[in-house]
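Peer 1: Protein sequence lines correspond, in order, to chains B and G. Note that the UniProt record's numbering gives residue 24 to position 24 of the first sequence, counting from 1, and the numbers run on in steps of one. Note that the UniProt record's numbering gives residue 16 to position 16 of the second sequence, counting from 1, and the numbers run on in steps of one.
Number of protein chains: 2
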Amino acid sequence: MNHTDATPDLDENDLDIIRELERNDEKNLEELADELDLSKSAIHYRLNQLKESGVIRNISADVDPRALGMSMVIITEVYVSHESGYADEIGDDLADLPGVQQVFYTMGDVDFMVVSRVQNHDQMNELIDEIVALEGVNETSSRFVMRELKNGNRILETMSEGMVDRVLETE
Amino acid sequence: MNHTDATPDLDENDLDIIRELERNDEKNLEELADELDLSKSAIHYRLNQLKESGVIRNISADVDPRALGMSMVIITEVYVSHESGYADEIGDDLADLPGVQQVFYTMGDVDFMVVSRVQNHDQMNELIDEIVALEGVNETSSRFVMRELKNGNRILETMSEGMVDRVLETE
DNA sequence: AATGAAATCGACCAGCA
DNA sequence: TGCTGGTCGATTTCATT
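(1) Under 7 Å Cβ-Cβ, which residues of chain B neighbour Asp64 of chain G?
(2) When DSSP labels each residue in this structure, what does Ser60 of chain B get in the three-state scheme?
(3) Looking only at its own chain, which residues have a Cβ that is under 8 Å from the Cβ of Gly99 of chain G, when we skip the five neighbours before and after it?
(4) When the Cβ atoms of the segment 59-68 of chain B are set against those of the segment 57-69 of chain G, are three or more pairs found closer than 8 Å?
(5) Once DSSP output is grouped into helix, strand and coil, what is the label at Ser41 of chain G?
(6) Just by C-beta distance, which residues in the segment 36-47 of chain G are closer than 7 Å to chain B?
(7) Give the straight-line distance between the Cα atoms of Glu135 of chain B and Gln101 of chain B, rounded to the nearest whole angstrom.
(8) If distances are taken between C-alpha atoms only, which option among B:His44, B:Val80 and B:Phe104 comes closest to Ala133 of chain B?
(9) Just list the residues that DSSP pairs Lys150 of chain B with in beta bridges.
(10) Just verifying my parser: in three-state terms, what is the DSSP assignment at Thr158 of chain G?
(11) Given 8 Å as the limit, is there contact between the segment 12-20 of chain B and the segment 44-54 of chain B, that is, 3 or more CB pairs closer than that?
(12) Since Gly91 of chain B and Val103 of chain B are thought to touch, with beta carbons under 8 Å apart, how far apart are those beta carbons, to the nearest angstrom?
(13) Using DSSP's beta-bridge definition, name the partner residues of Glu35 of chain G.
(14) Figure out for me which residue from G:Gly54, G:Met163 and G:Leu168 has the closest Cα to the Cα of Met72 of chain B.
(15) Of all Cβ atoms in chain B, is any one closer than 8 Å to the Cβ of Ser160 of chain G?
(16) Residues of chain B with a CB under 8 Å from the CB of Asn24 of chain G: which are they?
(17) Taking CB distances under 8 Å as the criterion, tell me whether Gly69 of chain B reaches chain G.
(18) Going by the beta-carbon positions, is the gap between Val145 of chain B and Ile74 of chain B smaller than 8 Å?
(19) According to the neighbour-count rule (16 or more other Cβ atoms, all chains shown, within 10 Å of its Cβ), is Ser39 of chain B buried or exposed?
(20) When the Cα atoms are used, what is the spatial distance from Asp37 of chain B to Leu21 of chain B?
(21) What residue does the alpha helix (DSSP H) around Glu89 of chain B start on, and which one ends it?
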């Protein structure tokens, strides 16, 4: 019904591969094949398709932010003056500020939610100043994060059985 | 060797490697060596250290959430009844709910910020219900994300020159 | 989707600055 | 301690069925 998203038909095997590689891509084809009860070539074939179709966008290293001193996290609500049609531009400007990790454009009274990471108090203040200084930004409100209980970029792992079923049904 | 802020001394070459692999880990050692003007063995040597020291935590696949139908994003503020010492437990409970991607424990009037991803309206309502139903949760307030302008897990790429200098100085 | 052969790659080591 | 350069075994890749 809901075909706004062009979901390339994925079956259980595809999802198994995705689940495995979202967790760790350092296994070789043979290990994967053993665990998932598929042949090496089958894995190879499916993996190629998953990459080419854009389901797997990238293979990359996950770096510990603390190793780079980026241990402070702040979440900032950004309010924009509504008559200005600058929303998109402001979003891009926010995304380009140093330390900014995520920018969401939201419905409701707030306009943007920004998650950022800095090394110390001074950088935190500087970043907030830079946000306020952006043309069209009205007001901001920041929260300091004391603890990150979860910060995952694994999608499939967080999905319920029902959610997974919905993916398989569109086959 | 534990999770303090003990920054293993990193030099420019290490940061080059990290920057490259945060972007894409699918290059082979020789390509990397060419681009970074280091020998294959030097890359190999440093890469091992980066992994062993925990600077590089993982190599994994980045999956397009839309390919799994997880196209709706919500950001939820969760308020907890303060007399309960349940804070940690609630944080873990939140992290375990289906669709929940990030959980932050924050200072200030809000207690938790939760970023989650679902497939449709029904799942959105269900998730919010599940959050409210958690023991100790007082109140929630959710925002619907209309657009993700940036959603990166690349740390080094977002760092300013000044931030990078600070890492190099601790050598 | 499986096989097996050919090409390529990463792991490793002894020696060196 | 970090690097060189080369070898060897392992792994990916691909044509064929």
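Quick reminder that beta carbons are idealized off the backbone N, C-alpha and C, glycines included. Note that the structure is a prediction, hence the values are computed from the model and not measured.
Peer 2: Let me lay it out:
(1) Mapped onto the second sequence, residue 64 of chain G falls at position 64. What Asp64 of chain G touches in chain B: Gly54, Val55 and Arg57.
(2) Taking the first residue of the first sequence as position 1, residue 60 of chain B is located at position 60. Ser60 of chain B falls in the strand class under three-state DSSP.
(3) Taking the second sequence and counting its residues from 1, one reaches residue 99 of chain G at position 99. Same-chain partners within the cutoff: Met70, Ser116, Arg117, Val118, Gln123 and Leu127.
(4) Between the segment 59-68 of chain B and the segment 57-69 of chain G, the count of C-beta pairs closer than 8 Å reaches three or more; the two stretches touch.
(5) Looking up residue 41 of chain G in the second sequence gives position 41. Residue state, collapsed to three classes: helix.
(6) Close to chain B, meaning a Cβ-Cβ distance shorter than 7 Å, is no residue of the segment 36-47 of chain G at all.
(7) Indexing the first sequence from 1 puts residue 135 of chain B at position 135. Indexing the first sequence from 1 puts residue 101 of chain B at position 101. Cα-Cα distance, rounded: 20 Å.
(8) Mapped onto the first sequence, residue 133 of chain B falls at position 133. Ala133 of chain B has its Cα closest to that of B:Val80, out of B:His44, B:Val80 and B:Phe104.
(9) Residue mapping note: residue 150 of chain B aligns to position 150 of the first sequence, counting from 1. Under DSSP, the beta-bridge partners assigned to Lys150 of chain B are G:Val103.
(10) In the second sequence, counting from the first residue as 1, residue 158 of chain G sits at position 158. In the three-state reduction of the DSSP assignment, Thr158 of chain G falls in the helix class.
(11) The segment 12-20 of chain B is in contact with the segment 44-54 of chain B.
(12) Taking the first residue of the first sequence as position 1, residue 91 of chain B is located at position 91. Taking the first residue of the first sequence as position 1, residue 103 of chain B is located at position 103. Between Val103 of chain B and Gly91 of chain B the Cβ distance is about 6 Å, and since that is below 8 Å, they are a contact.
(13) Numbered from its first residue, the second sequence carries residue 35 of chain G at position 35. None; Glu35 of chain G has no bridge partner.
(14) Stepping through the first sequence from its first residue, residue 72 of chain B is reached at position 72. When only C-alpha atoms are compared, the closest one is G:Met163.
(15) To locate residue 160 of chain G, count along the second sequence from 1; it is residue 160. It does; some Cβ of chain B falls within 8 Å.
(16) One-based indexing of the second sequence puts residue 24 of chain G at position 24. Ordered by position in chain B, the residues that pass the 8 Å Cβ test against Asn24 of chain G are Asn58, Ile59 and Ser60.
(17) Counting from 1 along the first sequence, the entry for residue 69 of chain B is found at position 69. Chain G contact via Cβ: present.
(18) Residue numbering aside, residue 145 of chain B sits at position 145 when the first sequence is read from its first letter. Residue numbering aside, residue 74 of chain B sits at position 74 when the first sequence is read from its first letter. In this structure, Ile74 of chain B lies closer than 8 Å to Val145 of chain B by Cβ.
(19) The residue given as residue 39 of chain B occupies position 39 in the first sequence. Here Ser39 of chain B is exposed, its C-beta having fewer than 16 other C-beta atoms within 10 Å.
(20) Start at 1 with the first residue of the first sequence, and residue 37 of chain B comes out as number 37. Start at 1 with the first residue of the first sequence, and residue 21 of chain B comes out as number 21. Answer to the nearest angstrom: the Cα atoms are 15 Å apart.
(21) Taking the first residue of the first sequence as position 1, residue 89 of chain B is located at position 89. That run of the alpha helix (DSSP H) goes Ala87 to Asp96.
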